[in-house]
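Colleague: Taken in order, these protein sequences are the chains called A and B.
Here numbering that gives the first Met the number 0 is used: the first residue of the first sequence is 0, the next is one more, and so on.
Here numbering that gives the first Met the number 0 is used: the first residue of the second sequence is 0, the next is one more, and so on.
All C-beta atoms, glycine included, are put in the ideal place defined by N, C-alpha and C.
Predicted, not measured: the structure shown is a model, and the values here were computed from it.
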Amino acid sequence: MIASVRAELLRLGRWPTTWVLCGTWLVLNLTFGYVFNYLSYRSDDGGGGFANQVSDGAPASTLLAQLMPDRVPVTLVQGMPMFGGALVLILGALAVGSGYGWGTWKTVFTTGPRRVTAMGGTLGALGIMLVGLVVVSFILDLVAAFTVAAAESQPTTWPTLADSAQGLGAGLLICAMWMAGGVMLGTLTRGPALAVGLGLVWSLVVENLLRGVAGLLGPLETVTNVLPGTAAGSIAGAIGAVVQSDPNGTPGVTTVLGGTAAALLLGGYLLAFLAASLALTARRDVTT
Amino acid sequence: METAIEVRNLVVERGKRRVLHGLTCSIPRGSVTGLLGPSGSGKTTLMRAIVGVQIVKSGVVTVLGEPAGTPRLRHKIGYLTQSPSVYADLTVRENARYFASLYKGITPADADNAVEMVGLGDAANQLVATLSGGQRARASLACTLVSRPEVLILDEPTVGQDPVLRDELWHQFRAMAAAGTTLLVSSHVMDEASRCDRLLLIREGALIADDTPDLVRASAGTNDLDAAFLHLIRTMEKTGVAS
């Protein structure tokens, strides 16, 4: 297993796609978490200009408070239910799907380690990269927040350890769940394109449409309340991200579920996606 | 000579079509055996059965004394698929090192040696996507060779290679066999047959010859392997029995 993790880390580390996707997330996280809000705060004229459009009418003091270091755990997580999740889903789907696309799994599965070990190696490598990505995001957010606080002569209050752990844990859980979803789709479809397409349509379109319809059809609401996106949005909402419907709210953030329920549901989806990927990979072995 | 691969009464069906019809053969250890036959004759299916990725209807396939596909064989067998199995968005060296790191005791230097062996030393840092078809096939071959397997199953490894490179690759294959590796090399090019220790001639899922090149030629009464193959096919068509 260690050899497989090492091999996959080597591959994913050298893979331009990995850096494009991780870089995109970091840029989006900083842009929507700090740049736009700070520009909005700085240009706040109390009228209906740029500031008011970006902040959706939120007062300038609220905007500034959201940019302070003690809010970093929340800022880190708020973009993950939708945008961060979609990006890591793509990474998971491509990491597995491309092996089928290029035929490399064929060689690995026949002459390398056992199938489950090989897939476990990919999952392990993706997990390590995910931890790195979330931690780097957290550090960059801290740097951005301290920069804003210094520029605005605000007190620099570090986020508490408990809040930081909560934010990092929630961020990891959300991203791990979406990434595992991508891995499962890549395994299921045995290719990158369909896996990415289906994953994005589900995470960005279908869940939102279902939530819209659920307002009209009561029984459907029971289902939409336990969908992966709802759970991801709920955990972000539970730790303090502004819900989508509020002024200056973040797309995908909701409070449909409580924090514990959302975390349990996310954990369940994560385990189910991982188990399905491993089981499917093992099941296709004609020698077992 | 000790047997490396043993195939007994192998029957394979794909869909409703029978692809291999009770095929029996054995391949000696430390030899180069050519698997020759026209496209669609069952060469790849036989190779897949030996590697252990083909569902078989009946029959027995053993490799190094173990049932084909047994997990213990995975580190002892190398399989080059017909279409290159390499990541196009990594370089040749990165691909070889990726496969090297899957195996215990195989170093990055071994990966670099494999790249040199297939004549891609100068293109080692080139992205696979930018290589020609023949180079891509050699990059895939390097990834197969990197683990130094005891048994090498090579599905048309010389397709798309120029005569000089084909000659170099065959010298490599001979050197590996001399060092104890067992090679099964498929081709539909008859002029490669004379480079093998033994030939398996396959047509429509049945073996029509299993012998040394010299004896195949002698049995057909000709010095030309192309002509010998045609003679064997016509004899089989007339009698309905492989000679």
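So the beta strand (DSSP E) P27(B) belongs to, where does it begin and stop?
Modeller: Here the beta strand (DSSP E) through P27(B) covers R16 to P27.
Colleague: Is it a yes or a no for the segment 86 to 105 of chain B touching the segment 30 to 45 of chain B, going by three-plus beta-carbon pairs under 8 Å?
Modeller: No: the two stretches stay apart, fewer than three of their Cβ pairs being nearer than 8 Å.
Colleague: When you compare only the Cα positions, how much space is there between G14(B) and G98(A)?
Modeller: Roughly 26 Å between the two C-alpha positions.
Colleague: Under a CB-based cut-off of 8 Å, is T280(A) close to chain B?
Modeller: No, no contact with chain B.
Colleague: Can you tell me whether T287(A) is buried or exposed? The criterion is at least 16 other CB atoms within 10 Å of its CB, across all chains shown.
Modeller: Per-residue confidence for T287(A) stands at a pLDDT of 47, beneath the threshold of 50, marking its modelled position as unreliable; no derived number is given.
Colleague: Straight-line CA distance for M183(A) to V135(A)?
Modeller: Those two C-alpha atoms are separated by around 26 Å.
Colleague: Would you list, in sequence order, the uninterrupted beta strand (DSSP E) runs of no fewer than 3 residues that lie entirely inside the segment 24 to 57 of chain B?
Modeller: Those beta strand (DSSP E) runs which fall completely within the segment 24 to 57 of chain B and span 3+ residues are 31 to 35.
Colleague: What residues match up with I152(B) in a beta bridge as DSSP calls it?
Modeller: Looking at the DSSP assignment, I152(B) forms a beta bridge with Y78(B) and L183(B).
Colleague: So R137(B) is in the alpha helix (DSSP H); what residue range does that whole segment cover?
Modeller: Here the alpha helix (DSSP H) through R137(B) covers G132 to L144.
Colleague: Closest to L256(A) by C-alpha separation, out of A237(A), T106(A), Y268(A) and F272(A), would be which residue?
Modeller: Among A237(A), T106(A), Y268(A) and F272(A), the Cα nearest to that of L256(A) belongs to A237(A).
Colleague: Any Cβ of chain A within less than 8 Å of the Cβ of V50(B)?
Modeller: Yes - at least one Cβ of chain A is within 8 Å of the one on V50(B).
Colleague: Kindly indicate which three-state DSSP category N222(B) falls into: helix, strand or coil?
Modeller: Reduced to three states, the DSSP call for N222(B) is coil.
Colleague: Would you mind listing the alpha helix (DSSP H) stretches within the segment 93 to 151 of chain A that are 4+ residues and don't spill past its ends, in chain order?
Modeller: Listed in chain order, the complete alpha helix (DSSP H) runs (minimum 4 residues) inside the segment 93 to 151 of chain A are 103 to 110 and 114 to 150.
Colleague: Going by other Cβ atoms of all chains shown within 10 Å of its Cβ, with 16 needed for buried, is N243(B) buried or exposed?
Modeller: Residue 243(B) lies beyond the stretch modelled for chain B, which goes from 0 to 242, so this question has no answer here.
Colleague: The segment 184 to 196 of chain A: which residues have C-beta closer than 7 Å to a C-beta of chain B, in chain order?
Modeller: Answer in chain order: no residues at all.
Colleague: Can the beta-carbon of T221(A) be found closer than 8 Å to that of L209(A)?
Modeller: Result no, Cβ atoms of T221(A) and L209(A) do not sit closer than 8 Å.
Colleague: Pairs of beta-carbons, one from the segment 12 to 29 of chain B and one from the segment 44 to 63 of chain B, closer than 8 Å: are there three or more?
Modeller: Touching, yes, given that three or more Cβ pairs across the two stretches are closer than 8 Å.
Colleague: Give me the residue from L75(A), V147(A), S152(A) and Y37(A) with the minimum Cα distance to C174(A).
Modeller: Nearest of L75(A), V147(A), S152(A) and Y37(A) to C174(A), Cα basis: L75(A).
Colleague: Where does V59(B) sit, in a helix, a strand or coil, going by DSSP?
Modeller: Strand, per DSSP.
Colleague: Using 8 Å for Cβ pairs, my map puts Y33(A) next to V147(A). What's the rounded Cβ distance?
Modeller: That belief holds up - the Cβ atoms of Y33(A) and V147(A) are roughly 7 Å apart, short of 8 Å.
Colleague: List, in chain order, every chain B residue whose beta-carbon is nearer than 7 Å to that of V204(A).
Modeller: The contacting residues do not exist; V204(A) stays about 28 Å from chain B at best.
Colleague: Run down chain A in chain order and give the residues with a C-beta less than 8 Å from the C-beta of A87(B).
Modeller: The contacting residues are W101.
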